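**Student:** Per my numbering, residue 11 is the first one in the sequence shown, and the count goes up by one each step.
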Amino acid sequence: MLKGLLFDLDGVLTNSAKFHLTAWNNLAKELGIKLNQSQLDSLRGISRMDSLNLILKYGDQSDKYSLEEKEKLAAEKNAKFVEQVETMTPKDILPGIPELLAAAKRHNLKIVIASASKNAPKILRRLGIIDEFDGIVDPATLKHGKPDPEIYIKAQKIAGLKANEVISLEDAKAGVEAIKAAGQFAVGIGNQELLKEADYIVPDTSQLNLDEIEAEFNKR
Numbered sequence: 011m012l013k014g015l016l017f018d019l020d021g022v023l024t025n026s027a028k029f030h031l032t033a034w035n036n037l038a039k040e041l042g043i044k045l046n047q048s049q050l051d052s053l054r055g056i057s058r059m060d061s062l063n064l065i066l067k068y069g070d071q072s073d074k075y076s077l078e079e080k081e082k083l084a085a086e087k088n089a090k091f092v093e094q095v096e097t098m099t100p101k102d103i104l105p106g107i108p109e110l111l112a113a114a115k116r117h118n119l120k121i122v123i124a125s126a127s128k129n130a131p132k133i134l135r136r137l138g139i140i141d142e143f144d145g146i147v148d149p150a151t152l153k154h155g156k157p158d159p160e161i162y163i164k165a166q167k168i169a170g171l172k173a174n175e176v177i178s179l180e181d182a183k184a185g186v187e188a189i190k191a192a193g194q195f196a197v198g199i200g201n202q203e204l205l206k207e208a209d210y211i212v213p214d215t216s217q218l219n220l221d222e223i224e225a226e227f228n229k230r
């Protein structure tokens, strides 16, 4: 029986993912690294340091920087991202999300954020929806990033539920892999081929319908 929804943030509730990718791409250029679209897309849904390490790997610079230097680079990227976050308003909530959250409330579902973003509380406050959620996983408590299932297992525990009682929503391949590794039902939002491991896929958030998703969930 469905009792909760677990949400990724960037690219699911709002398109803050574009700010992340722009900030990472600009940092990569400063480091003399040119990222193609596939490489940029691979940064979706993973933690700040994992993203930086991946960029350095793409540029054959994995051993060029100390941990302290990497932390400084990641902080530089984050500062630029936060500048963009400060411009966000409730108008930046993606289509279909207000209706989905309202439906979840009517069904008395627990709702938890499972995002690798350390800026999740700030973003949710800017969007005016932080009070809609029963909890937020603190990325600082995580030992492993997506596609490891740790974040979704923690979100499930915050909700006080079992793996077969939740539906988790993601727009990133790494996120879907994390959900499935946690033994949960995965809703993928975006490219069907990229998210093919998901149990249910919609092209964009406007197509999210709780009754339809729950009907598919109940078949599993």
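C-beta atoms are modelled at their ideal positions from N, C-alpha and C, and glycine is treated no differently.
Remember, predicted model here, so these are calculated numbers, not experimental data.
1. If you compare alpha carbons, which of 52, 118, 26, 116 is closest to residue 94?
2. Measure the alpha-carbon distance for residue 224 versus residue 73 and round it to whole angstroms.
3. Might you give, ordered along the chain, the residues of its own chain that have their beta carbon closer than 8 Å to the beta carbon of residue 50, omitting 5 neighbours on each side?
4. Rounding to the nearest angstrom, what Cα-Cα distance links residue 80 and residue 59 in this structure?
5. Who are the Cβ neighbours of residue 69 in its own chain at under 6 Å, not counting the five residues just before and after it?
6. Quick one: what does DSSP say residue 185 is sitting in, helix, strand or coil?
7. Just the C-alpha distance for residue 156 and residue 116, rounded to the nearest angstrom, thanks.
8. Would you grab the beta carbon distance between residue 71 and residue 41 for me? Rounded to a whole angstrom, and I think it's under 8 Å.
9. Could you give the residue range of the beta strand (DSSP E) that holds residue 180?
10. Take residue 207 as the anchor and find which of 180, 222, 214 has the nearest alpha-carbon.
11. Using three-state DSSP, classify residue 151 as helix, strand or coil.
12. Answer yes or no: do residue 114 and residue 123 have a C-beta to C-beta separation smaller than 7 Å?
13. When you compare the CB of residue 74 with every CB in chain C, is at least one pair closer than 7 Å?
14. Pull up the distance between the alpha-carbon of residue 134 and that of residue 24, whole angstroms please.
15. Could you give the first and the last residue of the continuous beta strand (DSSP E) run that contains residue 123?
**Tutor:** With the given structure in hand:
1. Closest by alpha carbon: 26.
2. About 47 Å.
3. Within the same chain, residue 50 has close Cβ partners 31, 34, 35.
4. Between the alpha carbons of residue 80 and residue 59 lies a gap of roughly 8 Å.
5. Its chain contains 43 as the residues whose beta carbon lies nearer than 6 Å to that of residue 69, once the 5 sequence neighbours on both sides are disregarded; these appear in chain order.
6. DSSP places residue 185 in helix when its eight states are reduced to three.
7. Between residue 156 and residue 116, the C-alpha separation is close to 30 Å.
8. Yes, they are in contact, since the Cβ atoms of residue 71 and residue 41 sit about 7 Å apart, within 8 Å.
9. From DSSP, the beta strand (DSSP E) with residue 180 extends over 176-180.
10. In terms of CA proximity to residue 207, 180 leads the group 180, 222, 214.
11. Three-state DSSP puts residue 151 in a helix.
12. No, they are not a contact pair.
13. Included in the structure is just one protein chain, with no chain C present.
14. Using only the alpha carbons, I get a separation of about 9 Å.
15. Following the DSSP letters along the chain, one finds residue 123 inside the beta strand (DSSP E) bounded by residues 120-123.
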